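Structure below.
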């Protein structure tokens, strides 16, 4: 079985050129995405954490679509979070509240597995969240 790599138009083209990686890979009916942050196509991040998380979900949706998948195909999500400074040993209320709201909005009653990790830093200055997914495309 061969692997088909895909690049999300806009920011994905930039990352392929500057960092030499693809945004997703599909092998048969399985799609794995790289971590998607809350950037825009010009690699800018929103000021608010809430907007950054929503944008990361939007970017993940775009990346899934490029690989022929949707949120309905997602079986697993891994998210990486730089904790809110005042949160102590916890990610913080905003991270969990917005993540769960986005799961409800995009997945409805479906509940894929989810691993949420707090990290010291992510791949870009000021970046606070990165989300990756595994999908199994139905009907292939």
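Numbering (our numbering), first residue to last: 4 to 143. Backbone N, C-alpha and C fix where the C-beta goes; we use that ideal spot for every residue, glycine too. What you are looking at is a predicted structure, and each value in this text was computed from that prediction instead of being measured.
field: Identity of the residues DSSP links to residue 71 by a beta bridge
entry: In the chain shown, residue 71 corresponds to position 68, counting from 1. Note: residue 71 sits in no beta bridge, so no partner.
- request: Using 10 angstroms around the beta-carbon of residue 46, count the other beta-carbons present and answer buried if the total reaches 16, otherwise exposed.
  value: Within the chain shown, the letter at position 43 stands for residue 46. Residue 46 is exposed by the Cβ-count criterion.
task: Within the same chain, show all residues whose beta-carbon is closer than 7 Å to that of residue 138, passing over the 5 residues directly before and after it, in chain order.
output: As a first step, residue 138 is located in the chain shown; it is residue number 135 there, counting from the start. Correct list, in chain order: 34, 67, 72, 76, 77, 78.
query: How about residue 84 and residue 119: are their beta carbons less than 8 Å apart?
result: Within the chain shown, numbered from 1, the residue matching residue 84 stands at position 81. Within the chain shown, numbered from 1, the residue matching residue 119 stands at position 116. Going by C-beta atoms, residue 84 is nearer than 8 Å to residue 119.
field: Whole-angstrom distance between residue 69 and residue 38, CA atom to CA atom
entry: Counting from 1 along the chain shown, the entry for residue 38 is found at position 35. Counting from 1 along the chain shown, the entry for residue 69 is found at position 66. Taking the straight line from one Cα to the other gives about 15 Å.
- request: Would you give the residue range spanned by the beta strand (DSSP E) that residue 48 belongs to?
  value: Residue mapping note: residue 48 aligns to position 45 of the chain shown, counting from 1. Element bounds for residue 48: n/a, residue is neither H nor E.
field: Test item: CB-CB of residue 101 and residue 41 under 8 Å
entry: The count along the chain shown starts at 1 and reaches residue 101 at position 98. The count along the chain shown starts at 1 and reaches residue 41 at position 38. No, the pair does not count as a contact, with Cβ atoms beyond the cut-off.
- prompt: Grouping DSSP H, G and I as helix and E and B as strand, with all else coil, what is residue 17?
  reply: Residue mapping note: residue 17 aligns to position 14 of the chain shown, counting from 1. Residue 17: helix per DSSP, three-state reduction.
- request: Would you please state the rounded distance, in angstroms, between the beta carbons of residue 129 and residue 48? I believe it to be under 8 Å.
  value: In the chain shown, the residue the question calls residue 129 occupies position 126. In the chain shown, the residue the question calls residue 48 occupies position 45. That belief holds up - the Cβ atoms of residue 129 and residue 48 are roughly 6 Å apart, short of 8 Å.
Residue 11 - containing beta strand (DSSP E), residue span: As a position in the chain shown, residue 11 is number 8, starting the count at 1. Taken as a continuous stretch (DSSP letters only), residue 11 belongs to no beta strand (DSSP E), as it is neither H nor E.
query: Whole-angstrom Cβ separation of residue 30 and residue 6, contact assumed at under 8 Å?
result: Counted from its first residue, the chain shown places residue 30 at position 27. Counted from its first residue, the chain shown places residue 6 at position 3. Indeed, because the Cβ distance is near 5 Å, the residues count as touching under 8 Å.
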